[in-house]
Structure formats: structure tokens, C-alpha cells
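Here the sequence shown stands for residues 1 to 340, where the numbers follow UniProt numbering.
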Amino acid sequence: MATGKTSSESEDTATVEQMANLSSVPKEQKDDNAARSKKHEVEIAELKAEILRLHASQQVQTGSPQVGIGQAEQNAQAAYQQGIHDVQVEAALEVDKAAEQRTGTRSSIRIPEPQTYIGQKDDTTVDDWIERMKDYLLLHYELGSRFSHPAQIKIVATYLRKDALKAYETRKRLAIIDPSKAINTVDALFSWLQQMFYDFNAEESNLFKYKKLRQITSVAQYAYELLALADKLVERPTDYSLKHRFKDGLKPEIRARMTVVPKFMQPEDLMQYMEMADSVDRQFMSEKVQFNRQRNWAKGDSGIAVDEKFNNVVMRKVGPIPEKDTPEWQMYCRNGNLCY
1 MATGKTSSES EDTATVEQMA NLSSVPKEQK DDNAARSKKH EVEIAELKAE ILRLHASQQV
61 QTGSPQVGIG QAEQNAQAAY QQGIHDVQVE AALEVDKAAE QRTGTRSSIR IPEPQTYIGQ
121 KDDTTVDDWI ERMKDYLLLH YELGSRFSHP AQIKIVATYL RKDALKAYET RKRLAIIDPS
181 KAINTVDALF SWLQQMFYDF NAEESNLFKY KKLRQITSVA QYAYELLALA DKLVERPTDY
241 SLKHRFKDGL KPEIRARMTV VPKFMQPEDL MQYMEMADSV DRQFMSEKVQ FNRQRNWAKG
301 DSGIAVDEKF NNVVMRKVGP IPEKDTPEWQ MYCRNGNLCY
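Now the structure itself:
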């Protein structure tokens with residue numbers, strides 16, 4: 001008697017074969033298939049959003065009393081943007097998850113948190129803080145964290161303190177009364193903070209600091225502060241002007257040594273002149289330390305020596321100076337690098 005398979009048995013056999021084939025697919029290929037599937041979902045979402053937009057446009061053209069012209073366009077645009085954003089974020093997360101599973105590793109980088117901002121209006125504090133916050137958010141994004149605009153705004157707001165936080169909370173209350181004052185993106189929040197805490201006296205303050213700056217510590221530190229102030233001026237001085245301003249602010253002893261250098265050996269370039277002044281400063285400090293050491297050894301009878309290198313008083317227990325032309329005298333002179 002001939003035996004045959006029914007249609008249901010054939011379908012079950014085909015299903016079992018498909019499952020067996022899927023189980024034999026490598027893990028990497030499964031991950032790639034999942035990523036392509038998510039990409040396909042994005043395309044479907046775009047198509048659905050486009051259909052929704054066309055449907056809204058038809059309602060506008062037919063004069064549907066249920067939806068106004070402006071409201072229909074807003075609904076269509078909002079649905080389109082939100083649909084695309086949600087699916088793209090989900091697809092990106094799935095792709096990152098698949099890559100993480102292939103490598104078998106997870107990012108263990110600890111992102112340093114930026115400092116808080118309290119609403120200072122001095123100099124360029126708000127601009128510097130905004131740059132740090134942008135770097136912080138960008139690093140999170142590059143490491144796989146996808147935040148929506150509301151989430152980014154909340155993250156930035158957690159680093160506001162005192163006057164900055166009070167101003168932001170006031171702005172949120174005003175947005176409830178007047179929706180046009182709402183802050184919907186993190187870039188809009190940064191722009192509002194720059195306008196709110198802009199220092200209107202920064203230009204005059206920086207110019208005053210630039211003209212009055214003098215060398216207090218090292219030449220290198222003085223040069224760094226002078227160049228930083230020059231960059232903050234509305235019109236940056238020329239290198240020629242900066243060079244003469246740098247000369248005027250040097251310590252008298254450094255400036256005196258620079259004038260001893262023959263004119264034909266003095267560099268015309270600003271940076272080369274700063275390097276020469278720094279070299280003179282280092283040589284001057286080395287000679288000063290050596291001189292102080294010799295003077296301290298010569299003060300052995302007092303028992304007190306001043307070490308100017310560390311700017312503190314060092315107490316030394318020193319015995320009496322030995323009698324001249326004795327072995328003890330020679331040892332004393334050798335220890336103090338003195339002639340005998």
C-alpha cells in the first residue's frame with residue numbers, strides 16, 4: 001500500500017528543516033542579519049511616515065473640518081520625525097549590541113564628569129564650560145549611549161548650580177505660560193546660557209589685564225598668560241606689538257640681561273624671543289641657587305642658613321670654624337667647595 005504525506009505533515013517537515021538551517025547559521029551571520037532587519041524596519045518606518053504625511057496633506061486639500069491646515073502639517077511632521085528617530089535609535093543600539101557580542105567585550109572606559117557651572121559672568125567661563133559639556137555628551141555618544149534631546153537637556157541641567165540653576169528653573173516656568181520660550185534642544189540650551197551669562201565687561205577687563213601683566217614667577221608662565229590674554233582681545237595684537245609688550249613685562253634683571261645680547265643676535269620672531277628670554281631666566285635662576293649655596297656654607301659660624309630655592313629657613317647645627325692650615329680646615333674647605 002503506497003504511503004503519502006499530507007499537506008500539514010509537509011509543512012511541519014519544511015518548518016523543521018528551516019529551523020535546522022537557522023541553527024546551523026554562524027553567530028556572526030545572525031548578528032548581521034539582525035542589523036539588516038533593523039535597517040529594513042527603518043525603511044518601513046520612513047514609508048509609513050511618508051504615507052501619514054501624504055494623508056495629512058490630502059486632508060488639508062479636501063478641507064477636512066476635523067484637522068486644521070497648520071495642525072495637520074505639524075502632526076505629520078512630528079510623526080515623521082519621531083517615527084524615524086525612534087526606529088533609528090533602536091536600530092543603532094541593536095547594531096552596537098551585535099558588535100559587542102561578536103567581540104565579547106564591553107567598554108570599560110570611565111568618562112570623567114565635567115565641573116558644575118554656577119553662573120559666573122567673568123571672562124569666558126560659560127564658553128569653556130559649554131565646550132566641556134559638548135565633549136562629555138559626544139564621548140558618551142561615541143561609546144554607544146544614545147540620548148534624545150529631552151534627555152540631553154536633563155543631563156546638562158544636572159550640572160547647573162546656584163544662579164545658573166535658578167535661571168534655568170525660571171525659564172522652565174515661563175515656558176509653561178508661553179510655549180514659545182520652551183528649550184527643546186541642547187544646542188538651544190547652550191545658546192540661551194551664553195546669552196544669559198555673557199560678561200559685557202569682558203573686553204575692557206581683558207584689555208586692562210593685558211596692559212598691566214608683569215612677570216612674577218617664571219618667564220615661561222608669564223609668556224603663557226600673556227598669549228592667553230592676547231587671544232581673548234577683540235583685535236589680537238600683532239607679533240611685533242606682542243614682542244614689545246612681552247619685553248616691558250619682564251623682570252628688570254631678565255630685561256637687563258636681554259639688552260646685553262648683541263642686537264644682531266636677538267631674534268625678530270616673537271616665539272624665538274620668548275624662548276631666548278626663558279633660557280636667560282633658567283640660567284639666572286641656576287646661578288642664583290649656586291650663589292646661595294656658597295653663601296650658606298660661608299655662614300657656618302651662625303648656624304642658620306637661608307635656602308632661597310625653596311623659600312624657607314633651614315636650621316643647621318654647625319660647629320666652630322676650624323683653625324686655619326689644619327687638616328680639619330682643609331676638610332672644612334673641601335666640603336664647602338672653598339679655596340685653601
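Each residue gets a CB set at the ideal place from its N, CA and C atoms; glycine is no exception.
| Is the beta carbon of Gln152 less than 8 Å from the beta carbon of Val126? | Annotated as distal: Gln152 and Val126, with beta-carbon spacing of 8 Å or more.
| Span of the alpha helix (DSSP H), counted from its first residue to its last, around Gly249 | Asp239 to Gly249 is the span of the alpha helix (DSSP H), which, as asked, contains Gly249.
| message | Using a 10 Å radius around the Cβ and a threshold of 16 neighbouring Cβ atoms, would you call Leu226 buried or exposed? | response | Buried is the call here.
| task | Spell out a yes or no on whether the region 171-181 and the region 208-215 are touching, meaning 3 or more CB-CB pairs, one atom from each, closer than 8 Å. | result | Counting C-beta pairs closer than 8 Å gives fewer than three between the region 171-181 and the region 208-215, which falls short of the contact rule.
| Any idea if Met274 is buried or exposed, counting beta-carbon neighbours within 10 angstroms, 16 or more meaning buried? | Counting other Cβ atoms within 10 Å of its Cβ, Met274 reaches 16 or more and is therefore classed as buried.
| query | Alpha carbon to alpha carbon, how far is Ala220 from Asp278? | reply | Going by C-alpha positions, Ala220 is about 6 Å away from Asp278.
| task | On the DSSP bridge assignment, give the partners of Tyr117 in chain order. | result | Note: Tyr117 is bridge-paired with Leu160 in the DSSP secondary-structure output.
| field | Nonlocal neighbours in the same chain, by C-beta distance under 8 Å from Tyr198, ignoring five residues either side | value | Excluding residues within five positions, the ones whose Cβ falls inside 8 Å are Lys121 and Val126.
| query | By DSSP, does Thr185 sit in helix, in strand, or in coil? | reply | Reduced to three states, the DSSP call for Thr185 is coil.
| task | Classify Tyr198 as helix, strand or coil using the three-state DSSP reduction. | result | DSSP places Tyr198 in coil when its eight states are reduced to three.
| query | Anyone know if the C-beta pair for Asp163 and Ile118 falls short of 8 Å? | reply | Taking 8 Å as the Cβ cut-off, Asp163 and Ile118 qualify as a contacting pair.
| For Glu235, the three-state DSSP class (helix, strand or coil) | If DSSP states are grouped into helix, strand and coil, Glu235 belongs with coil.
| Do Lys243 and Leu270 have their C-beta atoms closer together than 8 Å? | The answer is yes: Cβ separation under 8 Å.
| task | Leaving aside the five residues before and after Arg236 along the sequence, list all residues of the same chain whose C-beta is less than 6 Å from its C-beta, in chain order. | result | For Arg236, where only same-chain residues beyond five positions count, the Cβ hits under 6 Å are Ala230.
| query | Three-state secondary structure (DSSP) at Arg110? | reply | Reduced to three states, the DSSP call for Arg110 is coil.
| query | What residue from Tyr240, Ser145, Leu250 and Gln283 has the CA that sits closest to Glu268's CA? | reply | When each option's Cα is compared against that of Glu268, the closest is Tyr240.
| message | Going by beta-carbon coordinates alone, are Ala228 and Phe246 separated by less than 8 Å? | response | No, Cβ-Cβ distance for Ala228 and Phe246 is not below 8 Å.
| request: List the whole-angstrom C-beta distance separating His149 from Ile111, where the pair is believed to meet the contact cut-off of C-beta under 8 Å. | output: About 20 Å separates the Cβ atoms of His149 and Ile111, ruling out a contact at the 8 Å cut-off.
| field | Beta-carbon gap between Val280 and Ile254 smaller than 8 Å | value | Yes; because the gap between Cβ atoms is below 8 Å, this pair is in contact.
| If you draw a straight line from the C-alpha of Gln195 to the C-alpha of Met265, how long is it? | Their Cα atoms are separated by approximately 49 Å.
| said: Could you tell me the alpha carbon to alpha carbon distance between Ile304 and Arg293, rounded to whole angstroms? | reply: With a pLDDT of only 42 at Ile304, under the threshold of 50, the placement of this residue in the model should not be trusted; the figure read from the coordinates follows. So the alpha carbons of these two residues sit roughly 13 Å apart.
| Mind checking Met285: buried by the 16 CB within 10 Å criterion, or exposed? | A residue is called buried once 16 or more other Cβ atoms fall within 10 Å of its Cβ, and Met285, having fewer, is exposed.
| Alpha-carbon spacing of Phe147 relative to Glu204, whole angstroms | Taking C-alpha positions only, Phe147 is separated from Glu204 by approximately 40 Å.
| request: Compute the beta-carbon to beta-carbon distance between Thr116 and Tyr159, rounded to the nearest angstrom, for a pair I have assumed lies under 8 Å. | output: Right, the Cβ-Cβ distance comes to about 5 Å (below 8 Å), so this counts as a contact.
| field | Continuous alpha helix (DSSP H) stretch holding Thr259: start and end | value | Counting along the chain, the alpha helix (DSSP H) containing Thr259 begins and ends at Pro252 to Val260.
| request: Put Ser302 into one of helix, strand or coil per three-state DSSP. | output: For Ser302, the predicted model reports a pLDDT of 44, less than 50, meaning its position is unreliable and no value from the coordinates is stated.
| So is Gln215 buried or exposed if we call it buried at 16+ other beta carbons inside 10 Å? | By the neighbour-count rule (16 or more Cβ atoms within 10 Å), Gln215 is buried.
| query | Which word fits Phe291, buried or exposed, when buried means at least 16 other C-beta atoms lie within 10 angstroms of its C-beta? | reply | Counting Cβ neighbours within 10 Å, Phe291 comes out exposed, since fewer than 16 surround it.
| message | Between the alpha carbons of Ser191 and Ser145, how many angstroms are there, rounded? | response | Those two C-alpha atoms are separated by around 24 Å.
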